[in-house]
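What follows is a single structure, written as structure tokens, with notes after it.
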Amino acid sequence: MAAKECNIRVVARFRPLNKSEERAGSQSVVKFPIDNDDTFLITGKEFIFDKVFRPNATQEKVYNETAKEIVKDVFNGYNGTIFTYSQTSSGKTYTMEGVIERFVSAPNKIFKIMDEGIL
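Add 231 to a position in the sequence shown, counting from 1, and you land on the number used in this note's numbering.
Structural data, given as structure tokens:
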């Protein structure tokens with residue numbers, strides 16, 4: 232079933248190595264097939280999701296392709312859930328921080344952003 236036809240999508244997002252990992256000489260064990268945005272490999276074993284975001288994916292790309300429609304629906308009165316799960320230090324906070332330029336300082340400003348088509 233295509234992702235657009237289903238209410239549940241499962242995505243994987245890989246964060247880039249942090250400074251500490253780079254200083255230690257760490258390397259990613261994850262490999263990404265060329266021209267394939269739903270698969271990754273670890274030690275040759277293939278994992279398939281609705282979407283896979285590589286370490287170079289921007290916050291904006293992740294938001295636009297995973298959360299944007301859910302957020303819009305919530306503001307239109309529908310229920311929506313974004314569930315994240317992974318081990319400690321794997322990148323949940325990195326992903327949830329989002330695009331800093333889009334931070335909303337007051338709840339009523341969210342409607343202005345929606346009217347401008349940014350959200």
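Beta carbons are placed, not taken as given, at the ideal position from N, Cα and C, and that holds for glycine. If you're wondering where the values come from, they're calculated on a predicted model, not measured in any experiment.
| request: Helix, strand or coil for residue 240, going by three-state DSSP, please let me know. | output: coil
| Are the Cβ atoms of residue 304 and residue 282 separated by less than 8 angstroms? | Cβ atoms of residue 304 and residue 282: not closer than 8 angstroms.
| query | Closest by CA to residue 241, which one among 295, 274, 316 and 263? | reply | 316
| said: Closer than 8 angstroms is the cut-off here; do at least three beta carbon pairs connect the segment 284-303 with the segment 244-260? | reply: Yes: at least three Cβ pairs fall under 8 angstroms.
| message | Relative to the C-alpha of residue 298, which candidate in 313, 307, 254 and 306 has its C-alpha closest? | response | 313
| task | Closer than 7 angstroms by C-beta to residue 347: which residues in its own chain qualify, once you throw out the five before and the five after it? Chain order, please. | result | none
| query | Rounded to the nearest angstrom, how far is the Cβ of residue 260 from that of residue 273, given a contact under 8 angstroms? | reply | 6 angstroms
| task | Rounded to whole angstroms, what's the CA-CA distance from residue 301 to residue 311? Just pull it up for me. | result | 6 angstroms
| said: Quick check: the Cα distance between residue 265 and residue 293, rounded to an integer number of angstroms? | reply: 19 angstroms
| Outcome for residue 271 when other beta-carbon atoms lying within 10 angstroms are tallied against a minimum of 16 | buried
| From residue 291 to residue 343, what does the alpha carbon distance come to, in whole angstroms? | 19 angstroms
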